[in-house]
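Just below is one structure, and these are the notes that go with it.
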Amino acid sequence: MEEKEADINTLAYQEMLNESQESLQGHTELSIPTNEENEKTVVIEKSTPPIEIILCALAMFALTHKTPYGGIGALLAQGFFLYTLYIWSKKHSRPLSTDSWISGIFALLFAFSDVITTSSIAQQFNFFGFWTSNILFLCLGFGMPFIQKHPIPLFRSLFTTLYRGLSFTPLKKYLYFPHQDTIRPYTKGFSIAAPILCVFFALFSQADAQFSQTAASILSSLTGESATDIVYGFGCLIFILIAVLTITENLFGKSLVFKNTPIHSPSIQQETNVVLTLVNALFGMFLFSQTSYLFGGEAYRYEQDLNYSDYAVAGFYELMTAVGLVIFMSLSLRFFHQEKCSTFQKSLYGILLAQSMIILISAFNRMNLYIDVYGYTQARIFGIVFILTAGVGLLLSMKNIITETTQDHLLKNLLFTGALGGLVFGFIQPDTHSAKWNIQADTKMSTAEFIRQHNDKDPGAILALLDKDPQAKNLFRRSKYCTADFRSFQLTRHLLCQKLK
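Residue numbers (the numbering used here): 796 to 1296.
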């Protein structure tokens, strides 16, 4: 029995061995796939920049490159930029927020202010407001919520949003160079024709002097006369194109996620009371001891034997800085105690803001006294506008504290008020109207005296002088104030050039 069982096991094992060998033989007949057969054919098409973006970049370059000064060219360039993004938002069904468009419109208004004014001081504010508004436009367009309750977190949010939002990764599809066999025919044609055209152009320029002069004038009008200017102009064009591509591809190609800002616990309520009490005491001491100086007027100046400059101008900017710091300190304190105010704290805030308002009223009165004696200048008009803007800021701060509304609305309103004040200053045309008001106040002012008082010689001041004395146009060179470049058109400058003909 044991031998039969052994034979049965041997036969079973032999059958299994034979089946396994047959199976191995069958597998050896199969072909092993090669790496080439495993590779998948990947078709990568080269993306072409959208024609709208190319036209927008070309328009911005043509309207702003190498202009003598800002003018209608910058306004049109900003208009092209906003219109292109508006079309892109419609195309991608991704509308930008209302706050974003408000910032964009403010940028357009600052550019427009440069068209109607030639004031050197106003142009500095227009430059700052233009770029600040555009930065806000981009960040709010990326979806940044305007929930910041303090200027420092706002700056941090703007920087973080730009860093996260603007990257060159989406531009890779425009930088892809396909295999030589897949290059499009017209690309090859342009590549071959470029050096040939350069050779023939050089030959024609050498053969015909008139052709050479015409071609050179056309080229220099766009880029410049020297080789350095040409390279610089081409680099500016590429930079503008990349900038517009980067903004559109990132703005409508991604949606940023913003984390909620941490809420500060109301841990400095008592500290706030101490700070406000001490600062109120210092302000009250200053106002009480300087009442005669602040509101004495002409009688105090005469009694103390002070000239008008020492009385009205000395300490003006220091007091304006103190008022600005009061608003900043109020924002900071309420930011750290979660905007909650007791009745006692509201009283302390109210007293401090009221004392700051008294300082503004005093500065306003003394500035008017100074203007009555020495007339208007751009800086003095700026002082008046600044005082009025700061006064509105104090009223907004006081309203925010009394009603206990959220501080992000106050910060937004303060930015809006500051931007509006800058625009009003530009729209006033301070160089023109300061000169006109001085002429109206002193009709016997001579031309020499006028030129001595208005040593800035901005176009608006000269225009006002020519309205009074047309013969004075011989004292000014027309080429210094006029240009044939239509991109630099400014209303005041254009009127002056008509007078200087």
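Ideal Cβ positions, reconstructed from N, Cα and C, are used throughout, including at glycine.
Extent of the continuous alpha helix (DSSP H) to which residue 845 belongs: Sequence index remark: in the sequence shown, residue 845 carries index 50 (1-based). First-last for residue 845: undefined, no H or E at that position.
Output the residue ranges of the alpha helix (DSSP H) runs that lie fully inside the stretch 881-909 and measure 4 residues or longer, sorted by chain position. For the alpha helix (DSSP H) assignment, the stretch 881-909 encloses no uninterrupted run of at least 4 residues.
Relative to the C-alpha of residue 1222, which residue among 1285, 861 and 1233 is closest? In the sequence shown, the residue the question calls residue 1222 occupies position 427. Just measuring C-alpha positions, the residue of 1285, 861 and 1233 sitting nearest residue 1222 is 1285.
Please report the distance separating the alpha-carbon of residue 1206 from that of residue 894. In the sequence shown, counting from the first residue as 1, residue 1206 sits at position 411. In the sequence shown, counting from the first residue as 1, residue 894 sits at position 99. Taking the straight line joining both Cα atoms gives about 13 Å.
Going by DSSP in three states, residue 1149 sits in which element: helix, strand or coil? The sequence position of residue 1149 within the sequence shown is 354, counting from 1. The answer is helix: DSSP assigns residue 1149 an H, G or I state.
How would you label residue 888, buried or exposed, when you count the other beta carbons within 10 angstroms and need 16 or more for buried? For the purposes of this step, residue 888 is taken as the residue at position 93 of the sequence shown. Looking at its Cβ environment, which holds fewer than 16 other Cβ atoms inside 10 Å, residue 888 is exposed.
Tell me which same chain residues have a C-beta within less than 6 Å of the C-beta of residue 1293, skipping the five on either side of it? Walking along the sequence shown from the start, residue 1293 turns up at place 498. Counting only Cβ-Cβ distances below 6 Å, and skipping sequence neighbours, we find nothing.
Can you round the beta-carbon distance between residue 1118 and residue 1154 to whole angstroms, since I take them to be within the 8 Å contact cut? Working through the sequence shown from its first residue, we reach residue 1118 at position 323. Working through the sequence shown from its first residue, we reach residue 1154 at position 359. So it is a contact: roughly 6 Å between Cβ atoms.
Look up residue 1252 in the DSSP assignment and say whether it is helix, strand or coil. Position 457 of the sequence shown holds residue 1252. Here residue 1252 sits in coil by DSSP.
I'd like to know whether the C-beta atoms of residue 1150 and residue 1075 end up nearer to each other than 9 Å. Numbered from 1 along the sequence shown, position 355 holds the residue referred to as residue 1150. Numbered from 1 along the sequence shown, position 280 holds the residue referred to as residue 1075. Residue 1150 places its beta carbon less than 9 Å from that of residue 1075.
Residues in the same chain with beta-carbon distance under 8 Å from residue 1182, minus the five sequence neighbours each way, listed in chain order, please. Taking the sequence shown and counting its residues from 1, one reaches residue 1182 at position 387. Close CB contacts of residue 1182 within its chain, under the 8 Å cut and outside five residues either way in sequence, are with 1115, 1155, 1158, 1159 and 1162 (chain order).
For residue 1182, name the three-state secondary structure that DSSP assigns. Taking the first residue of the sequence shown as 1, we reach residue 1182 at position 387. DSSP places residue 1182 within a helical segment (H, G or I) once states are collapsed to three.
Looking only at its chain, what residues have a beta carbon closer than 8 Å to the beta carbon of residue 1191, apart from the 5 residues adjacent to it on each side? Here residue 1191 is taken as the residue at index 396 of the sequence shown, counted from 1. Contacts found: 1205, 1208, 1209 and 1212.
Taking Cβ to Cβ, would you say residue 937 is nearer than 9 Å to residue 1040? Residue mapping note: residue 937 aligns to position 142 of the sequence shown, counting from 1. Residue mapping note: residue 1040 aligns to position 245 of the sequence shown, counting from 1. Not in contact: residue 937 and residue 1040 (Cβ atoms no closer than 9 Å).
Stretch pair the stretch 1246-1264 + the stretch 1224-1233: three plus CB contacts closer than 8 Å: Taking a cut-off of 8 Å for Cβ pairs, the stretch 1246-1264 and the stretch 1224-1233 touch, as three or more such pairs fall below it.
Nearest-angstrom Cα separation, counted from residue 882 out to residue 1281: As a first step, residue 1281 is located in the sequence shown; it is residue number 486 there, counting from the start. As a first step, residue 882 is located in the sequence shown; it is residue number 87 there, counting from the start. Between the C-alpha atoms of residue 1281 and residue 882 there is a straight-line separation of about 27 Å.
So what's residue 1277 in DSSP terms, helix, strand or just coil? Reading the sequence shown from its first residue, position 482 is the one you call residue 1277. Coil at residue 1277, not helix or strand.
Limits of the unbroken alpha helix (DSSP H) element including residue 1080: Residue numbering aside, residue 1080 sits at position 285 when the sequence shown is read from its first letter. It spans 1064-1084 - the alpha helix (DSSP H) in which residue 1080 sits, taken as one unbroken run.
Run through DSSP, which three-state label would residue 1291 get? Taking the sequence shown and counting its residues from 1, the one referred to as residue 1291 is at position 496. Three-state DSSP puts residue 1291 in a helix.
Put residue 1051 into one of helix, strand or coil per three-state DSSP. For the purposes of this step, residue 1051 is identified with residue 256 of the sequence shown, where counting begins at 1. Here residue 1051 sits in coil by DSSP.
Does the beta-carbon of residue 846 have 16 or more other beta-carbons within 10 angstroms, so that it is buried, or is it exposed? The residue given as residue 846 occupies position 51 in the sequence shown. A residue is called buried once 16 or more other Cβ atoms fall within 10 Å of its Cβ, and residue 846, having fewer, is exposed.
Under the three-state reduction of DSSP, which class applies to residue 1024: helix, strand or coil? Your numbering for residue 1024 matches position 229 in the sequence shown. For residue 1024, the three-state secondary structure derived from DSSP is helix.
Taking the C-alpha atoms as reference points, what is the distance between residue 1168 and residue 931? Sequence index remark: in the sequence shown, residue 1168 carries index 373 (1-based). Sequence index remark: in the sequence shown, residue 931 carries index 136 (1-based). Just so you know, the alpha carbons of residue 1168 and residue 931 end up roughly 42 Å apart.
Please report the straight-line C-alpha distance between residue 953 and residue 1133, rounded to a whole angstrom. Position 158 of the sequence shown, counted from the start, is the residue given in the question as residue 953. Position 338 of the sequence shown, counted from the start, is the residue given in the question as residue 1133. So the two alpha carbons sit approximately 22 Å from each other.
Reference residue 969; option with closest CA among 1085, 1049, 1037 and 914: As a position in the sequence shown, residue 969 is number 174, starting the count at 1. Comparing Cα positions, the closest option is 1037.
Could you pull out every residue in the same chain whose Cβ sits closer than 7 Å to the Cβ of residue 1063, ignoring the five residues on either side in sequence? In the sequence shown, the residue the question calls residue 1063 occupies position 268. Apart from the 5 residues on each side of it in sequence, residue 1063 sits with its Cβ closer than 7 Å to the Cβ of 1131 and 1132 in its chain, given in chain order.
Could you check whether the stretch 867-876 touches the stretch 904-918, counting it as contact only if at least three pairs of C-beta atoms, one from each stretch, sit closer than 8 Å? Of all C-beta pairs linking the stretch 867-876 to the stretch 904-918, three or more are shorter than 8 Å, placing the two stretches in contact.
Look up residue 1155 in the DSSP assignment and say whether it is helix, strand or coil. Numbered from 1 along the sequence shown, position 360 holds the residue referred to as residue 1155. The DSSP-derived three-state label of residue 1155 is helix.
From 1034, 1193 and 922, pick the residue whose C-alpha is nearest to that of residue 1126; which is it? Your numbering for residue 1126 matches position 331 in the sequence shown. Minimum Cα distance to residue 1126 is reached at 1193.
Beta-carbon proximity list for residue 844, same chain, < 8 Å, skipping 5 on both sides: By one-based count along the sequence shown, residue 844 stands at place 49. Closer than 8 Å at Cβ, skipping near neighbours: 969, 1036 and 1040.
Is residue 1269 buried or exposed, if buried means 16 or more other CB atoms sit within 10 Å of its CB? For the purposes of this step, residue 1269 is taken as residue 474 along the sequence shown, with counting starting at 1. By the beta-carbon neighbour count (other beta carbons within 10 angstroms, threshold 16), residue 1269 is exposed.
Span separating the alpha-carbon of residue 1088 from that of residue 1171: The count along the sequence shown starts at 1 and reaches residue 1088 at position 293. The count along the sequence shown starts at 1 and reaches residue 1171 at position 376. In a straight line, the C-alpha of residue 1088 is about 23 Å away from that of residue 1171.
Determine the direct distance from the alpha carbon of residue 1121 to that of residue 1140, and round the result to whole angstroms. Taking the first residue of the sequence shown as 1, we reach residue 1140 at position 345. Taking the first residue of the sequence shown as 1, we reach residue 1121 at position 326. The alpha-carbon separation between residue 1140 and residue 1121 amounts to approximately 15 Å.
Looking only at C-alpha atoms, which of 897, 1080 and 960 sits nearest to residue 929? Taking the first residue of the sequence shown as position 1, residue 929 is located at position 134. Residue 897 is the option with its Cα nearest to residue 929.
Specify the secondary structure class of residue 1170 as computed by DSSP and reduced to three states. Residue 1170 sits at position 375 when you count from the first residue of the sequence shown. Three-state result, residue 1170: coil.
Any idea if residue 1283 is buried or exposed, counting beta-carbon neighbours within 10 angstroms, 16 or more meaning buried? One-based indexing of the sequence shown puts residue 1283 at position 488. Buried: at least 16 other Cβ atoms inside 10 Å.
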